[in-house]
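Q: Under the UniProt record's numbering, the first residue of the sequence shown carries the number 1, and numbering increases by one thereafter. By construction, the Cβ of each residue, glycine as well, lies at the ideal position given by its N, Cα and C atoms. The structure presented is a predicted model; accordingly, all values stated were derived computationally and were not measured.
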Amino acid sequence: MYFSPEMLRGEDFGFESDWWALGVLVYGMLMGSVPFPAQGIKAMQQAIMGPDEIKIPEARGLTLQCSNFIRKMLAKPLEKRLTTAEAIKMHPWFNDVNWYRVYRRQVPMPWSPPFDDDDLDDDEHQRASSEAMQQPSNSR
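(1) Are L82 and K72 closer than 7 Å when you measure CB to CB?
(2) With a threshold of 16 other CB atoms inside 10 Å of the CB of P5, please say whether the residue is buried or exposed.
(3) Throw me the rounded Cβ distance for the L22 and I48 pair, which I believe falls under 8 Å.
(4) Between M37 and Y27, is the Cβ-Cβ spacing less than 7 Å?
(5) Going by beta-carbon coordinates alone, are P108 and Q65 separated by less than 7 Å?
(6) Out of curiosity, what's the CA-to-CA distance linking P77 and N68?
(7) Answer with buried or exposed for V102, where buried requires no fewer than 16 other C-beta atoms within 10 angstroms of its C-beta.
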């Protein structure tokens with residue numbers, strides 16, 4: 001399901017296929033289904049490689065920018081697909097995102113699940129808090 005058309009055709013592929021997989025993931029998260037529904041692996045591969053553009057049901061209430069983003073992430077011709085982080089960040093769906101603040105971890109979470117730490121002792125609580133605040137070692 002996450003394989004890009006070029007992968008299924010046996011062509012050389014690069015990060016463009018990773019961005020395709022992200023498009024499949026975004027579609028699934030927002031739509032609650034797969035972008036290329038089919039019965040069986042062969043039929044799904046044919047749907048992915050076929051000429052048809054991705055179908056996004058209007059009933060889901062996605063904004064035009066969101067629908068456009070998904071279409072561009074899952075564009076079958078590589079030259080029409082969003083294939084770089086910069087192109088993705090520049091898409092109108094992300095107009096309100098301050099990428100510098102995202103990078104600096106200064107954007108508050110829109111929702112945080114309730115967390116009951118009453119059953120943790122002080123050492124466990126301190127360790128969990130400090131681990132959560134550490135920067136990833138591979139951040140740039």
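A: Reading from the atomic positions:
(1) Start at 1 with the first residue of the sequence shown, and residue 82 comes out as number 82. Start at 1 with the first residue of the sequence shown, and residue 72 comes out as number 72. Yes; because the gap between Cβ atoms is below 7 Å, this pair is in contact.
(2) Locating residue 5 in the sequence shown gives position 5, where the first residue counts as 1. Under this definition P5 is a buried residue.
(3) As a position in the sequence shown, residue 22 is number 22, starting the count at 1. As a position in the sequence shown, residue 48 is number 48, starting the count at 1. Contact doesn't hold; Cβ gap of about 15 Å is too wide.
(4) Looking up residue 37 in the sequence shown gives position 37. Looking up residue 27 in the sequence shown gives position 27. Looking at the sequence itself, residue 37 is Pro, so the reference to Met does not match. Taking 7 Å as the Cβ cut-off, P37 and Y27 do not qualify as a contacting pair.
(5) Within the sequence shown, numbered from 1, the residue matching residue 108 stands at position 108. Within the sequence shown, numbered from 1, the residue matching residue 65 stands at position 65. No, the pair does not count as a contact, with Cβ atoms beyond the cut-off.
(6) Locating residue 77 in the sequence shown gives position 77, where the first residue counts as 1. Locating residue 68 in the sequence shown gives position 68, where the first residue counts as 1. Looking at the two C-alpha atoms, the distance is approximately 15 Å.
(7) Taking the first residue of the sequence shown as position 1, residue 102 is located at position 102. V102 comes out exposed.
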